[in-house]
Structure formats: structure tokens, C-alpha cells
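This note's numbering numbers the first residue of the sequence shown as 1 and each following residue consecutively.
Reading through the C-alpha cells given below for one structure.
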Amino acid sequence: MNHFLNYFKISLVVFFVIFASCKGKKKTEIKTETIDFTKEGELSIFKKDSLLVNLDIEIAESDYETETGLMYRDSMEEKQGMLFIQDEFKVQNFYMKNTQISLDLIFIDENFKVVSFQENAKPFDETSLSSQVPAKYVLEVNAGLAEKWLLEVGDSISFTR
């Protein structure tokens, strides 16, 4: 009986030591720094021959830039956007993983004509957003701007670095 009592006491002490050590550890939270907008160019959108709007843009063309896009941003000004320059003219698919702001995605062909758009893409949504038709460029702007600008398929863009 004495062995059993000693075993029980030792087991109880071991249990509390393990419990206390587990309880004392805090979860480490991975924090990402907010990324600030860096102007890398200017982009104009035209309706027929009339200027619709001028934007300051960031340009995403490396693998890292196109994979990251506007992730980890908590806001963007109305006259700002990100232009993705894709390697291939093909149907493009985007998603909103780790993207905190709602966006409009404007798909543009190799002749700088708007071919389609996805409006009001939801933050953090990993559903694929397709251009439906081949595109070479994708312009991301704040949600609601495509509607505000009355953007249509056939409108055009030009940009400079």
C-alpha cells in the first residue's frame, strides 16, 4: 500500500508539473507588417477616346509580387491600384487569400482593352475569380470603382512606369 501511495504522489506531482508547464506557454502569434503603397507608375483608363480616370499604380510582375499582390494591406486610396503583368495571354484566375480589402479585378488583353471584370471580391475568400476570357493584365482597385466609373468591356488603359 505504501508503494501505491508513493506512486500516486509522484504521479500527481508529475501531472501538475506537466500541466503547469503547458499552461504557462503562450501561443506565438505570427504578425505580418502592413505593406505601404509604393508608386511605381501611372495608369489611365479611357472610355472611347475620353479619359475616365488616372491612377497611381504598383506593378506586380515577378513571381513573388504576383503571388502576394495586395495581401496584408488594410487599405488603399481611391486613386491607387495594382497592375499585374502576366507572363502569358490566357484565362487568368485570382483569389483573395490574405487580402483584407474588398477589390474589383479588371482583366485586360494584350491590346490594353478591358475584356472582363470581377466586382466586389470579398476579403479572405479563396474562391477562384476568373477572367473567363484570355487576359494579359489584371488591374486591382477598391471595390465599387468599376461601377462608379461605369466601366465596360472594350474600355481601354495605358500605363507608364
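Cβ atoms here follow ideal geometry from the backbone N, Cα and C, with glycine treated the same way.
CB contact flag (residue i, residue j, <7 Å)
| i | j | result |
| --- | --- | --- |
| Val115 | Ala135 | yes |
| Phe124 | Met82 | no |
| Leu55 | Phe46 | no |
| Glu67 | Leu103 | no |
| Gly41 | Ile57 | yes |
| Ala146 | Phe117 | yes |
Identified DSSP bridge partners for residue i
| i | result |
| --- | --- |
| Ile157 | Ile45 |
| Leu103 | Ala121, Asn142 |
| Glu58 | Met82 |
| Lys181 | With the chain covering 1 to 161 only, the question about residue 181 has no answer from this structure. |
DSSP three-state assignment for residue i, whether helix, strand or coil
| i | result |
| --- | --- |
| Leu12 | Only weak support is given to the placement of Leu12: the predicted model assigns it a pLDDT of 48, under 50, and the question is left unresolved by the model. |
| Tyr72 | coil |
| Tyr64 | helix |
| Lys79 | coil |
| Glu33 | coil |
| Lys148 | helix |
| Asn98 | coil |
| Asp87 | strand |
| Ser130 | strand |
| Asn93 | strand |
| Lys39 | coil |
Contact with chain C by residue i, beta-carbon distance below 7 Å
| i | result |
| --- | --- |
| Glu140 | This model lacks chain C altogether; it includes just one protein chain. |
Whole-Å CB distance - residue i paired with residue j, under 8 Å assumed
| i | j | result |
| --- | --- | --- |
| Val138 | Phe94 | 6 Å |
| Val91 | Ser130 | 6 Å |
| Ser75 | Ile101 | 6 Å |
Residue nearest to residue i in terms of C-alpha spacing, selected from the options
| i | options | result |
| --- | --- | --- |
| Asp49 | Arg161, Ser156, Thr160 | Ser156 |
| Gln80 | Phe37, Phe117, Phe89 | Phe37 |
| Glu110 | Gln86, Glu61, Ile35 | Gln86 |
| Leu105 | Lys113, Asn98, Glu119, Phe112 | Glu119 |
| Phe112 | Phe84, Lys122, Thr34 | Phe84 |
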